[in-house]
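Quick notes on the structure that follows.
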Amino acid sequence: MGKFFRLAIFLCLTPVVFLLLFVSISYLSYLKVFQDPYHVHLSQSQTVAYAALPSAQDIIEQEVIMQDARVEMIKQFFAKYKSPLEPYAKEVVNYADDFGLDFRLIPSIAMQESNLCLKAPVDSNNCWGFGIYGGKVRMFKDYKEGIYEVTKTLATNYKKNGLETPEQIMTRYTPGSNGSWARGVTHFMNQLQ
């Protein structure tokens with residue numbers, strides 16, 4: 003009876019063991035052929051000393067994406083407040099880059115001065131309160147010219163003289179302000195981060 007029992011176990015378990023062995027070998031062959039992405043297979047000829055470093059192409063693509071993100075961020079800011087400046091988001095970023103200014107400064111000043119052109123003097127295309135005092139209003143032929151002129155002036159007449167932050171710019175841009183102008187501009191710049 004003991005021999006019969008051992009023979010029955012042998013005959014039952016042998017096919018199971020062979021089946022498991024076949025499945026295991028098949029799976030290992032599959033991994034070798036298809037390179038399972040969850041396992042790293044290194045041969046002796048592969049080196050990884052610099053594998054984590056991005057290629058130059060990746061860096062350029064990241065810079066382009068970041069630049070595009072700034073334009074999109076400005077565009078969304080303008081759209082949120084239903085500003086007529088929305089089509090000029092790219093110019094805001096490009097002119098800021100050309101003149102070395104923070105790209106958030108021009109939209110933030112426009113928001114502080116005119117609610118992004120919604121409360122600007124009629125037909126002035128001047129959303130920045132630029133050259134507006136007493137009864138005088140500085141006019142621009144279009145928003146693009148306004149963006150360019152204000153950006154250029156902030157770079158050449160303000161930044162060049164060490165006036166870069168809203169607090170510093172305020173001393174010349176709106177000298178009579180009690181600090182609320184700079185706090186407002188800073189608030190809107192922070193929204194654009």
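Read in order, the letters of the sequence shown correspond to residues 3 to 195 in the working numbering. For each residue, glycine too, the CB sits at the ideal point set by N, CA and C. In this text, all values refer to a predicted model and were calculated from it rather than measured experimentally.
Three-state class that DSSP yields for residue i in the structure shown
i	result
Lys161	helix
Ser85	coil
Asp70	helix
Gly181	coil
Asn96	helix
Gln195	coil
Glu166	coil
Cys129	coil
Leu30	helix
Phe20	helix
Leu13	helix
Ser45	The predicted model places Ser45 with a pLDDT of 49, which falls under 50 and marks its position as unreliable; any figure quoted below should be read in that light. Looking at Ser45 - three-state DSSP - the assignment turns out to be coil, as it is neither helix nor strand.
Met113	helix
Ala91	helix
Met75	helix
Proximity to residue i [Cα-Cα], best of the options
i	options	result
Met191	Lys5, Gln114, Phe7 and Asp99	Gln114
Gly133	Phe101, Leu118, Leu156 and Lys146	Leu156
Gly164	Leu103, Glu93, Tyr150 and Pro86	Leu103
Asp100	Asp144, Tyr83 and Glu151	Glu151
Ser116	Gly186, Gln78 and Ile76	Gly186
Ala91	Pro109, Thr173 and Leu15	Pro109
Tyr145	Lys121, Pro89 and Lys161	Pro89
Outcome for residue i when other beta-carbon atoms lying within 10 angstroms are tallied against a minimum of 16
i	result
Pro17	exposed
Arg72	buried
Phe196	Because the chain spans 3 through 195 in this model, residue 196 falls outside it and cannot be assessed.
Glu74	exposed
Thr153	buried
Ser28	exposed
Ile76	buried
Pro168	buried
Phe142	buried
Ala184	buried
Ile11	exposed
Ser85	buried
Gly178	exposed
Residues sharing a beta bridge with residue i, DSSP
i	result
Lys138	Tyr135
Cβ distance (whole Å) where residue i is taken to contact residue j below 8 Å
i	j	result
Ala112	Phe105	That belief does not hold up - the Cβ atoms of Ala112 and Phe105 are roughly 13 Å apart, past 8 Å.
Gly148	Asn180	Their Cβ separation, rounded to whole angstroms, is 26 Å, which puts Gly148 and Asn180 out of contact at 8 Å.
Tyr83	Leu118	5 Å
Chain B contact for residue i (CB, 8 Å cutoff)
i	result
Pro123	Absent from the structure is chain B; it holds one protein chain and no more.
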